[in-house]
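Only one structure is covered here, and it is reproduced in the block below.
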Ligand code: DOR
Ligand code: ZN
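Numbering (this note's numbering), first residue to last: 22 to 369.
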């Protein structure tokens with residue numbers, strides 16, 4: 022008999038849907054299994070106002086497949102020019118779920134991010150008052166810091182102090198990638214949670230680098246060593262409500278990843294997100310911990326209800342296409358041309 026598991030419909034607490042013609046593809050993929058998703062605001066022109074987020078939401082909703090009730094949850098991008106008034110407007114709008122902090126230059130479309138984290142402490146105070154969570158890309162962008170050490174440096178230089186200074190502020194340490202981040206989380210108070218991606222659970226830097234650079238794996242935070250990967254698997258499958266699902270699925274056209282000028286950072290996983298997470302939990306002997314991580318702990322942290330319906334995953338292999346359409350271009354997804362050992366059952 023095929024092994025299967027039924028869980029409350031999950032949500033994705035961190036995704037990049039982009040904009041324009043590619044929305045058709047990204048929204049279709051993410052809404053296959055997730056009820057809701059926290060949509061990142063790092064568009065080419067960052068989403069910095071309630072009005073911009075409202076229009077972006079409409080463009081996303083317009084691409085939902087027929088009968089889909091997928092709900093995009095909108096965020097605003099913090100810059101050095103964000104004001105307390107913007108935070109108040111976000112709160113009053115009932116549209117904005119959170120603010121996203123990108124240290125300037127840390128990743129894709131982060132040039133308009135924050136140059137000095139400490140200089141926007143008044144905004145964090147206002148977010149705490151308005152009960153709006155702060156989502157953090159936790160890496161320094163200081164070019165003198167080794168790319169593999171940027172997350173650990175962010176904890177030491179900024180996050181430790183920030184989390185201690187605002188005990189009332191809900192903070193999500195996004196896409197954690199190191200043993201140091203797990204150690205930080207283990208001693209952090211309950212106002213701090215962390216998302217964990219599929220790619221940081223499934224892979225380490227050997228997958229990306231041994232035998233030649235493989236661009237689909239290149240992302241920020243960059244994949245670390247095997248010990249870090251094991252620490253993340255242990256955290257995600259521990260049953261602790263501090264950790265929940267955030268794919269950080271971040272599409273880039275193949276032409277932007279395989280480019281003489283460099284490689285765009287981001288791994289695309291929305292085409293097979295729950296199937297891949299299930300593989301990780303299965304391999305760790307922790308299928309009983311999947312529902313908490315994927316479907317319960319995120320809504321609890323954000324103060325939202327759980328989804329009411331369920332999805333079913335079956336232990337049945339399928340082959341991922343070599344390339345997926347991405348607007349008028351194509352992209353190379355994670356597991357391109359290879360098998361995935363779990364499948365989503367057809368919905369009733
Ligand atoms: O690899 C990444 N890609 N990390 C991020 O933080 C941003 C993302 C993107 O937008 O492509
Ligand atoms: Zn991201």
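Glycine is no exception: its CB is placed at the ideal position from the N, C-alpha and C atoms.
The model shown is predicted, which means the values in this text are computed figures rather than measured ones.
Annotation: residue 213 to residue 339 spans about 37 Å, alpha carbon to alpha carbon. Looking at 58, 293, 236 and 333, the one whose alpha-carbon comes closest to that of residue 308 is 333. Here the region 238-252 makes no contact with the region 293-312; the two share fewer than three CB pairs at distances below 8 Å. Distance from the CA atom of residue 96 to the CA atom of residue 29, rounded to whole angstroms, is 24 Å. At least one heavy atom of the ligand ZN is found less than 6 Å from the C-beta of residue 269. In chain order, 32, 33, 36, 51, 93 and 94 place their CB closer than 7 Å to the CB of residue 58, counting only its own chain and leaving out the 5 sequence neighbours on each side. Residue state for residue 365 is assigned as strand, using DSSP reduced to three classes. In its chain, beyond the 5 residues on either side, 238 have a beta carbon closer than 6 Å to the beta carbon of residue 228.
Not one heavy atom of the ligand DOR falls within 6 Å of the beta-carbon of residue 233. Per DSSP, the unbroken beta strand (DSSP E) holding residue 335 starts and ends at 331-335.
Rounded to the nearest angstrom, the Cβ distance from residue 312 to residue 363 is 14 Å, too far for a contact under 8 Å.
In the DSSP assignment, residue 323 falls outside any beta strand (DSSP E) and lies within the alpha helix (DSSP H) extending over 318-323. Straight across, the Cα-Cα distance linking residue 283 with residue 38 is about 22 Å. One Cα belongs to residue 168, the other to residue 205, and the distance between them is close to 19 Å.
Counting along the chain, the unbroken alpha helix (DSSP H) around residue 112 starts and ends at 105-114. Residue 53 counts as buried, since no fewer than 16 other beta carbons sit within 10 angstroms of its beta carbon. The alpha-carbon separation between residue 136 and residue 68 amounts to approximately 17 Å. Linking residue 287 to residue 330 through their CA atoms gives a straight-line distance of about 30 Å. Taking the C-beta atoms as reference points, residue 173 is found no nearer than 7 Å to residue 161.
The way I'd put it, the region 313-320 does touch the region 256-268; three or more beta-carbon pairs between them come closer than 8 Å. In the three-state scheme derived from DSSP, where H, G and I count as helix and E and B as strand, residue 61 is classed as coil. In this structure, residue 108 sits near residue 144, with a CB-CB distance shorter than 7 Å. Here residue 238 carries a helix assignment [DSSP, helix/strand/coil].
Short of 8 Å from the beta carbon of residue 357, and not among the five residues preceding or following it, lie these beta carbons of its own chain, in chain order: 237, 341, 342, 343 and 344. In this structure, the CA atom of residue 272 is about 30 Å from the CA atom of residue 190. Cβ-Cβ separation between residue 142 and residue 121: approximately 17 Å, too far for a contact (criterion under 8 Å). For the set 159, 270 and 45, the Cα lying nearest the Cα of residue 354 is the one of 270. Residue pairing by DSSP places residue 92 opposite 57 in a beta bridge.
Residue environment analysis places residue 171 among the buried positions, since at least 16 neighbouring C-beta atoms fall within 10 angstroms of its C-beta. Straight across, the Cα-Cα distance linking residue 165 with residue 91 is about 42 Å. The C-beta distance from residue 119 to residue 156 rounds to 5 Å, short enough to fall under 8 Å. For residue 126, same chain residues with a beta-carbon under 8 Å away, outside a window of 5 residues either side, are 132, 134 and 162 in chain order. With fewer than 16 other Cβ atoms from the protein chains shown falling within 10 Å of its own Cβ, residue 104 counts as exposed.
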